[in-house]
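Chains as they are written, first to last, in our numbering: chain P, 44 to 387; chain Y, 44 to 387; chain C, 44 to 387; chain X, 44 to 387.
Number of protein chains: 4
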Amino acid sequence: MRILASNTKKFMIFLSLLALLTNVSTTATQKTHHFKPKKYYYTYDAKHEPVLNLKPGDILVTTTVDAFGNKISRSDQLASEIIHLPKVNDQTGPFYVEGAEPGDTLVLHLLKVRPNRDYAVSTHLPNFGVLTGETYTAMLNKPLPEKTFIWKLSLEKNVGILDLPNSKIGKVEIPLHPFLGTVGVAPNFGEAVISLTPAEHGGNMDCVETKEGATLYFPVFAEGGLFMLGDGHAAQGDGEICGTGLECPLEVTVKVDVIKGKSINWPRFEDDEYIMVAGSTRPVIDAFRSAQVELINWLVEDYGFERWDALQLISQVGVTRIGNVVDPKYTVVAKFPKRYLPVH
Amino acid sequence: MRILASNTKKFMIFLSLLALLTNVSTTATQKTHHFKPKKYYYTYDAKHEPVLNLKPGDILVTTTVDAFGNKISRSDQLASEIIHLPKVNDQTGPFYVEGAEPGDTLVLHLLKVRPNRDYAVSTHLPNFGVLTGETYTAMLNKPLPEKTFIWKLSLEKNVGILDLPNSKIGKVEIPLHPFLGTVGVAPNFGEAVISLTPAEHGGNMDCVETKEGATLYFPVFAEGGLFMLGDGHAAQGDGEICGTGLECPLEVTVKVDVIKGKSINWPRFEDDEYIMVAGSTRPVIDAFRSAQVELINWLVEDYGFERWDALQLISQVGVTRIGNVVDPKYTVVAKFPKRYLPVH
Amino acid sequence: MRILASNTKKFMIFLSLLALLTNVSTTATQKTHHFKPKKYYYTYDAKHEPVLNLKPGDILVTTTVDAFGNKISRSDQLASEIIHLPKVNDQTGPFYVEGAEPGDTLVLHLLKVRPNRDYAVSTHLPNFGVLTGETYTAMLNKPLPEKTFIWKLSLEKNVGILDLPNSKIGKVEIPLHPFLGTVGVAPNFGEAVISLTPAEHGGNMDCVETKEGATLYFPVFAEGGLFMLGDGHAAQGDGEICGTGLECPLEVTVKVDVIKGKSINWPRFEDDEYIMVAGSTRPVIDAFRSAQVELINWLVEDYGFERWDALQLISQVGVTRIGNVVDPKYTVVAKFPKRYLPVH
Amino acid sequence: MRILASNTKKFMIFLSLLALLTNVSTTATQKTHHFKPKKYYYTYDAKHEPVLNLKPGDILVTTTVDAFGNKISRSDQLASEIIHLPKVNDQTGPFYVEGAEPGDTLVLHLLKVRPNRDYAVSTHLPNFGVLTGETYTAMLNKPLPEKTFIWKLSLEKNVGILDLPNSKIGKVEIPLHPFLGTVGVAPNFGEAVISLTPAEHGGNMDCVETKEGATLYFPVFAEGGLFMLGDGHAAQGDGEICGTGLECPLEVTVKVDVIKGKSINWPRFEDDEYIMVAGSTRPVIDAFRSAQVELINWLVEDYGFERWDALQLISQVGVTRIGNVVDPKYTVVAKFPKRYLPVH
């Protein structure tokens with residue numbers, strides 16, 4: 044099953060690359076930019092100076108550091124002594140995309156999203172995570188014990204390995220599925236949002252769907268869109284229960300595009316199997332509702348579904364995944380299988 | 044992908060049947076009971092008279108009617124004129140299992156869960172579903188339009204077909220994955236719970252996981268366990284968004300068992316890929332927490348995981364599915380992949 | 044302020060008694076019943092045998108034990124060793140009211156609600172309360188320390204006194220405002236509900252509003268209504284944060300009545316200042332919505348408010364109180380000041 | 044009751060003014076600033092240029108416009124055609140307070156908060172409010188009808204009057220209790236927050252407690268604190284159910300102060316009767332928890348309560364009010380009666 048999916052993905056990436064090559068011949072101005080970040084941001088904010096200008100069709104090759112600014116490498120290091128919430132999720136960018144104006148949609152084709160380090164870090168931070176009292180679900184209980192886990196990454200085998208000497212199993216080896224924990228654009232209405240929080244502009248959605256091969260759509264709220272990215276995860280379970288995934292730096296290649304005059308309310312994703320919407324708010328049920336309603340609107344407006352047919356169909360074949368339930372806003376991804384879309 | 048999964052499932056059922064055959068030779072008292080329901084219940088209640096006594100190891104062959112008591116067969120029939128919420132989900136049972144006492148665990152091996160009708164019904168009921176005001180999320184808005192959809196079922200092709208003349212796609216054909224929307228035991232502390240509500244005793248969890256090939260574990264709260272089942276769905280999306288799946292009657296074969304002295308807090312499921320817990324309450328986040336904490340306890344108590352190792356691992360490889368967000372309590376299923384369990 | 048309110052209350056009770064005397068002269072059959080409970084119930088259930096038959100207009104004089112069955116009297120007693128959740132809130136009743144049929148409204152005039160003991164008990168139970176992980180908001184944190192507080196009650200001074208030797212203040216003295224923590228009727232649709240849970244039938248609402256001088260209205264779901272009462276609190280703050288109030292036994296006098304053919308969805312209360320609705324569910328926002336929508340419907344149906352006028356007015360003069368956020372369902376009370384009602 | 048309260052308030056304001064006069068003689072540098080706003084802000088943002096510098100002890104006399112920028116004055120004007128959510132709640136400020144640094148507490152004594160117009164506006168906006176689908180509680184239902192209500196204000200009689208010709212009552216007259224719907228400081232960590240959203244920095248809390256006579260405490264996150272104010276309400280019910288109060292411009296007099304080295308997590312208020320904390324987040328239960336935990340910490344740190352004594356006492360005498368359940372975050376105010384505080 045996984046082999047098939049993986050092959051399909053490879054084939055899709057191949058097609059994307061082919062498309063790019065094809066474009067190159069027709070678009071004389073297309074350009075590949077190699078950007079090496081010198082500083083990182085902790086807020087999504089239209090007031091930040093863009094680090095680079097891109098044109099629609101351009102390709103960006105860059106890197107991200109991990110959620111802890113690459114400062115943790117040993118299990119005896121405590122994150123609470125090294126980083127200070129919410130100053131985490133150091134972001135690469137912002138990147139200005141020419142022609143992207145409020146009311147448009149910014150398109151990011153994720154051509155490459157790969158760890159570039161042989162370990163990943165996961166932490167249990169005090170008062171962070173969904174199974175303990177935390178900043179907003181404030182409790183009088185004492186925090187859980189703080190822990191730092193160092194996962195070995197084998198990039199050629201595409202696995203992560205964790206020693207668990209205190210557990211009967213001794214150690215586990217899991218497949219990697221690297222993705223951008225955080226990706227988005229400058230927020231609406233002059234707001235500035237910390238890189239720990241997801242919202243309409245994207246940001247810290249912690250969705251496994253924002254991975255190599257996916258296409259991401261964001262509402263443009265500020266001139267140039269001003270997208271940023273970071274918080275790489277080599278793997279993560281649904282909901283990011285303890286508050287962190289396999290945190291690692293990434294190599295990222297993105298092709299940018301703009302859909303003029305196309306206005307959307309929430310980040311939308313697309314891969315070979317699904318069209319998707321990521322809704323972010325608290326409580327979970329409202330993130331769920333936000334995502335589903337936007338998905339139904341998408342089906343009605345772009346794919347010719349009658350409204351109540353769309354509701355019926357999404358009720359029977361819709362897939363929903365909980366992205367995170369640990370950030371200041373939670374993220375739910377509503378997915379509709381592409382095979383039930385009419386041929387365009 | 045689906046073919047592989049389907050084959051695995053078939054092989055597992057074959058193994059189960061083999062196990063049964065083997066058991067038969069060794070367990071002289073094992074018995075297969077054919078039960079044809081004459082009346083149905085709308086509450087889970089230890090005060091109901093059991094319809095049949097079973098012994099651990101026995102096999103029950105029976106049927107269920109659909110959530111509407113099989114009373115709807117045409118798209119011009121309005122459910123609101125035919126059924127009266129919450130008098131839906133007619134239950135077959137209760138079945139008394141000898142030796143099952145409070146503090147034990149009742150085991151149901153679902154050997155067969157198959158639709159026995161060539162159509163299924165899905166409705167959009169007024170003030171029901173998650174994308175509209177409903178009984179508890181009370182709103183002042185007018186209800187959505189009521190609708191009845193009749194899905195044709197082809198049991199040999201294992202698909203459901205719906206005509207959508209008002210939508211560009213015209214019609215859809217989806218694979219079936221039949222399951223029991225409602226299954227559980229008599230509740231705790233003398234409570235009686237309508238068959239529309241899921242809780243610690245199971246009930247209307249609306250989980251696609253309670254399907255052919257799965258093994259279900261329920262806490263025993265009353266002598267004999269007193270399990271019931273009904274509300275068959277030929278298919279359903281995550282969350283059961285409009286409030287109904289592909290509602291249909293089922294043929295069900297169950298092998299029952301009892302684990303003496305094993306006490307659990309929430310229904311647990313098991314298939315070839317996962318061990319799972321179904322937590323049911325409102326809001327979603329608390330159903331999520333209930334399921335995850337029970338799953339961590341399971342990993343610690345039965346599989347030798349150190350507590351914080353279990354939290355770390357579940358955070359990285361845990362799968363979570365939203366069962367329903369439309370019933371009086373919502374259901375979330377927390378899943379842990381069996382391949383990360385130590386060999387027993 | 045409080046003196047004025049208290050006087051108003053006394054006057055209202057005087058009026059009630061006057062009304063009763065007046066009724067006596069016209070209703071030859073009115074009767075006062077003295078009932079001394081011999082057993083108590085832990086569920087609201089239409090299947091319980093009524094302990095007494097009352098006629099509309101009759102007066103019931105009875106007593107309740109405290110939430111712990113009067114078993115705790117010293118601060119060195121731990122509730123977790125003496126009682127077993129949810130077997131608390133021992134209920135007096137059920138009382139059958141002749142002529143009360145499903146679809147009617149049962150009326151309880153609370154003529155007297157007074158503690159009959161010189162101390163009250165409040166406990167901090169492990170995994171109970173809103174500022175700690177609990178049964179449904181399941182957490183991995185260790186529970187808070189268990190505590191038992193014994194409040195001295197001075198009934199003639201109407202105060203409760205608690206020694207706090209570990210706090211700078213040393214001791215506090217607070218005014219009492221005794222009320223029934225739990226009061227309600229047999230639930231709908233054959234459900235049985237533990238006396239720890241509030242819902243449409245009333246039950247464990249833990250509302251300070253259900254006190255001497257108030258009139259309570261309950262939907263009748265079963266023949267005779269079958270009301271019960273218990274869980275006296277001598278005082279309690281909003282939300283019952285730690286999970287218990289000043290738990291004490293009560294002397295209760297109730298005049299019963301029936302409004303034939305009047306159907307309501309949630310318990311309604313009335314005192315000299317407000318008409319009120321108590322909505323109970325999780326999460327809080329849905330208890331809030333349930334109560335407000337029912338209150339708006341009440342204003343529209345009984346008091347001639349246009350629907351959107353009622354919404355506007357409730358938005359500007361509505362008072363909302365959080366009853367409890369610790370029971371399996373939370374209770375919110377929506378209140379509309381009587382002085383903005385048209386004269387009947 | 045209200046007369047007494049009102050007198051107490053007047054006396055307290057008299058005392059405040061007396062204190063100011065006294066201060067004047069001793070504090071040669073104290074100054075009264077009259078500020079007439081020329082522009083308004085729609086975000087709380089440390090990057091905004093301050094409009095005025097104040098010293099601790101200084102008094103600010105200024106005005107605010109209403110939530111709609113004073114653009115609505117007739118009931119036939121539709122807000123949806125005049126304003127554009129979230130561009131509402133025009134803020135006066137920001138004001139820089141010398142010596143206020145991150146980690147300090149900014150103090151605002153509200154000496155005067157009075158409407159300066161003879162009418163107030165309340166609207167029912169489409170998809171706004173708690174009893175209808177809205178931005179985050181996204182629904183498929185059609186919005187409620189849009190409405191504009193013009194309340195006549197009589198400032199000498201301190202009442203608001205609304206004609207309700209479609210309702211039996213015909214018209215209502217309610218007492219005014221004017222307050223700042225929005226007041227706060229620049230947010231933490233470089234965030235910028237629209238003036239529709241409350242959070243740790245204050246902002247759009249919509250709390251009736253931020254009224255004349257109250258003292259407000261805010262955590263200082265940016266140099267100078269940079270407080271702003273606006274969104275005057277002449278009156279409002281609990282929760283601001285329809286989404287708006289009696290919106291009106293205000294005359295405001297504030298005395299500012301700084302508590303050096305005092306760090307708080309949430310806005311705190313104080314009046315003659317209560318010490319209070321305003322917690323803002325979704326869902327309600329977490330706003331509730333945030334406020335209560337901060338209030339318990341306050342009792343422990345400043346008033347010498349043992350932790351579990353504080354929990355017990357807050358459970359029995361604590362008052363909780365729902366500020367708003369309509370903004371992007373909800374606000375809950377936890378109150379502790381001052382009469383149970385030890386004498387300092």
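No residue lacks a Cβ here, since even glycine has one placed at the ideal position from N, Cα and C.
The beta strand (DSSP E) runs of length 3 or more contained entirely in the segment 148 to 180 of chain C are, from start to end of the chain, 148 to 158, 162 to 167. When Cβ-Cβ separations below 9 Å define contact, residue 148 of chain Y makes no contact with chain P. Rounded to whole angstroms, the gap between the alpha carbons of residue 74 of chain C and residue 260 of chain C is 21 Å.
Excluding residues up to 5 positions away in sequence, 316, 317, 318 lie with their Cβ nearer than 7 Å to the Cβ of residue 381 of chain C in the same chain. For chain C, the residues of the segment 164 to 188 of chain P that bring a beta carbon within less than 7 Å of one of its beta carbons are 174, 175, 176, 182, 183, 184, 185, 187, in chain order. For residue 224 of chain P, the CB contacts under 6 Å within the same chain, skipping 5 residues up- and downstream, are 249, 274, 276 in chain order. Counted as a single uninterrupted DSSP element, the alpha helix (DSSP H) harbouring residue 341 of chain X occupies residues 327 to 346.
Below the 9 Å Cβ cutoff, chain X contributes 326, 328 as neighbours of residue 326 of chain Y, in chain order.
In this structure, the beta-carbon distance from residue 108 of chain C to residue 129 of chain C does not fall below 9 Å. Counted as a single uninterrupted DSSP element, the alpha helix (DSSP H) harbouring residue 124 of chain P occupies residues 122 to 125.
Contacts between residue 368 of chain X and chain C, judged by CB atoms closer than 8 Å, involve 328, 331 in chain order. The beta carbon of residue 348 of chain Y sits closer than 9 Å to some beta carbon of chain P. DSSP places residue 383 of chain P within a helical segment (H, G or I) once states are collapsed to three.
In this structure, residue 310 of chain P keeps its C-beta atom at 9 Å or more from the C-beta atom of residue 89 of chain P. CA-CA distance, residue 357 of chain P to residue 352 of chain X, rounds to 52 Å.
The beta carbon of residue 337 of chain C falls within 9 Å of a beta carbon belonging to chain Y, placing the residue at that interface. Residue 187 of chain X is positioned such that its CB atom lies no closer than 9 Å to that of residue 208 of chain X. Following the DSSP letters along the chain, one finds residue 194 of chain C inside the beta strand (DSSP E) bounded by residues 190 to 197. In the DSSP assignment, residue 210 of chain C falls outside any alpha helix (DSSP H) and carries neither an H nor an E. If you draw a straight line from the Cα of residue 291 of chain P to the Cα of residue 179 of chain P, it is about 27 Å long.
Contact with chain Y is absent for residue 379 of chain C, since none of that chain's Cβ atoms lies less than 9 Å from the residue's Cβ. DSSP places residue 300 of chain C in the strand class (E or B) of the three-state scheme. Scanning its chain for C-beta atoms nearer than 8 Å, with the 5 sequence neighbours on each side dropped, one finds around residue 195 of chain P the residues 161, 162, 203, 204, 205, in chain order. Judged by their CB atoms, residue 301 of chain X and residue 142 of chain X are nearer to each other than the 9 Å cut-off. Using a Cβ-Cβ distance cut-off of 8 Å, the segment 369 to 378 of chain X and the segment 329 to 343 of chain X are in contact, since at least three pairs of beta carbons, one from each stretch, lie closer than that value. In chain order, 280, 281, 282, 284 make up the part of chain Y whose C-beta sits under 8 Å from the C-beta of residue 361 of chain P.
In this structure, the alpha-carbon of residue 363 of chain X lies about 10 Å from that of residue 320 of chain X.
In the structure shown, residue 131 of chain P falls within a coil segment according to DSSP collapsed to helix, strand and coil. From the listed residues C:115, C:104, C:154, C:87, the smallest Cα separation to residue 257 of chain C is found for C:154. The beta carbon of residue 84 of chain X lies closer than 8 Å to those of 91, 133, 134, 136, 137, 238, 271 in the same chain, with the five residues before and after it left out.
Legend: CB atoms of the segment 80 to 111 of chain Y lying less than 8 Å from CB atoms of chain C belong to residues 85, 86, 88, 90. Cβ-Cβ separation between residue 140 of chain C and residue 174 of chain C: approximately 40 Å, too far for a contact (criterion under 8 Å). In this structure, residue 265 of chain Y places its C-beta atom within 9 Å of the C-beta atom of residue 145 of chain Y.
Within the DSSP bridge table, the entry for residue 76 of chain Y names Y:103 as partners. At a cut-off of 9 Å between beta carbons, residue 383 of chain X contacts chain C. Of all residues in the segment 207 to 237 of chain X, the ones placed with a Cβ closer than 8 Å to any Cβ belonging to chain P are 232, 233, 234, 235, 236, 237, in chain order.
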